[in-house]
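Q:
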Amino acid sequence: FFVMGRFSVRAAQLWLAVASLFFYAWWNPPYLILLGISIIFNYGAGYLLQYRERIATKLPPAKLILGLGLVFNLGFLGYFKYSTFFVENLDAAIGAEFTVTRIALPLAISFFTFQKIAYLVDSYLGKVKEQSFLNYVLFAAFFPQLIAGPIVHYSEIFPQFKKTETYRF
1 FFVMGRFSVR AAQLWLAVAS LFFYAWWNPP YLILLGISII FNYGAGYLLQ
51 YRERIATKLP PAKLILGLGL VFNLGFLGYF KYSTFFVENL DAAIGAEFTV
101 TRIALPLAIS FFTFQKIAYL VDSYLGKVKE QSFLNYVLFA AFFPQLIAGP
151 IVHYSEIFPQ FKKTETYRF
């Protein structure tokens, strides 16, 4: 990281993003796909919220974009954390004898979901203007912060990656 940072900040950021995604995938590689879907969706929704005036006038209202982002993220979280609970209780209530398979929770799903919600809200409020997909991936997947928290805003963490001294040993 520091060697790359001496020559190229972008290369060091790419290294850190790839390393973070690698460490996330180490536990259960298929869940990297879920994290990737979440990253792509939230970057796109955030981009629409941040640059809707410049993109097109035919976009849905910002509140609708934000609402869809919230539904996506909370639905994503709800499926993994609560679907088994709801099916078991529905089964107990009506006696349907559903077959319930346990769903393994993706690592840090609550942290990365709520952090992405905070990003969308900040985008809606005009507190974030981010055009770089790499910067967003680094923010969304930064492994040391992703798995242990706390939930942070983009404006709290990413300025650290913009400082040149971050890339010096």
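Residues 1 to 169 (this note's numbering) are what the sequence shown spells out, left to right. Glycine is no exception: its CB is placed at the ideal position from the N, C-alpha and C atoms.
1. Per DSSP, what kind of secondary structure is L88 in: helix, strand or coil?
2. Ignoring anything shorter than 4 residues or poking outside the segment 11 to 56, list the alpha helix (DSSP H) runs there in chain order.
3. For Y124, does the count of other Cβ atoms within 10 angstroms reach 16, so buried, or fall short, so exposed?
4. Within 10 angstroms of its Cβ, does T164 collect 16 or more other Cβ (buried), or is it exposed?
5. Are the segment 99 to 111 and the segment 50 to 70 touching, with three or more C-beta to C-beta distances below 8 Å?
6. Where does K116 land, buried or exposed, given buried means 16+ other C-beta within 10 angstroms?
7. Grouping DSSP H, G and I as helix and E and B as strand, with all else coil, what is G149?
8. Identify whether V128 lies in helix, strand or coil by the three-state DSSP scheme.
9. Between which two residues does the alpha helix (DSSP H) harbouring A140 extend?
10. For L51 and N89, what's the separation of their Cα atoms in angstroms?
11. Give the DSSP-derived three-state secondary structure of K58 in the structure shown.
12. Could you check which residue in Y47, F111, F7 and K81 has the C-alpha nearest to that of V128?
A: Let me lay it out:
1. Taking the first residue of the sequence shown as 1, we reach residue 88 at position 88. Note on residue identity: the sequence assigns Glu, not Leu, to residue 88. Note: E88 maps to helix in three-state DSSP.
2. Runs found: 30 to 55.
3. The residue you call residue 124 lines up with position 124 of the sequence shown. Y124 is classed as buried because its beta carbon has at least 16 other beta carbons within 10 Å across all chains shown.
4. What you label residue 164 is simply residue 164 of the sequence shown in a count that begins at 1. Here T164 is exposed. Its C-beta has fewer than 16 other C-beta atoms within 10 Å.
5. No, the segment 99 to 111 does not touch the segment 50 to 70.
6. To locate residue 116, count along the sequence shown from 1; it is residue 116. So K116 ends up on the buried side.
7. Against the sequence shown, residue 149 aligns to sequence position 149. When DSSP states are grouped into helix, strand and coil, G149 belongs to the coil group.
8. Translated into the one-based positions of the sequence shown, residue 128 becomes position 128. Here V128 sits in coil by DSSP.
9. Along the sequence shown, read from residue 1 onward, the residue named residue 140 stands at position 140. First-last of the alpha helix (DSSP H) with A140: F133 to A141.
10. For the purposes of this step, residue 51 is taken as the residue at position 51 of the sequence shown. For the purposes of this step, residue 89 is taken as the residue at position 89 of the sequence shown. Contrary to the premise, residue 51 reads as Tyr rather than Leu in this sequence. Cα atoms of Y51 and N89: separation of roughly 44 Å, rounded to the nearest angstrom.
11. Taking the sequence shown and counting its residues from 1, the one referred to as residue 58 is at position 58. In this structure, K58 counts as coil in the three-state DSSP scheme.
12. Position 128 of the sequence shown holds residue 128. Checking every option, the nearest Cα to that of V128 belongs to Y47.
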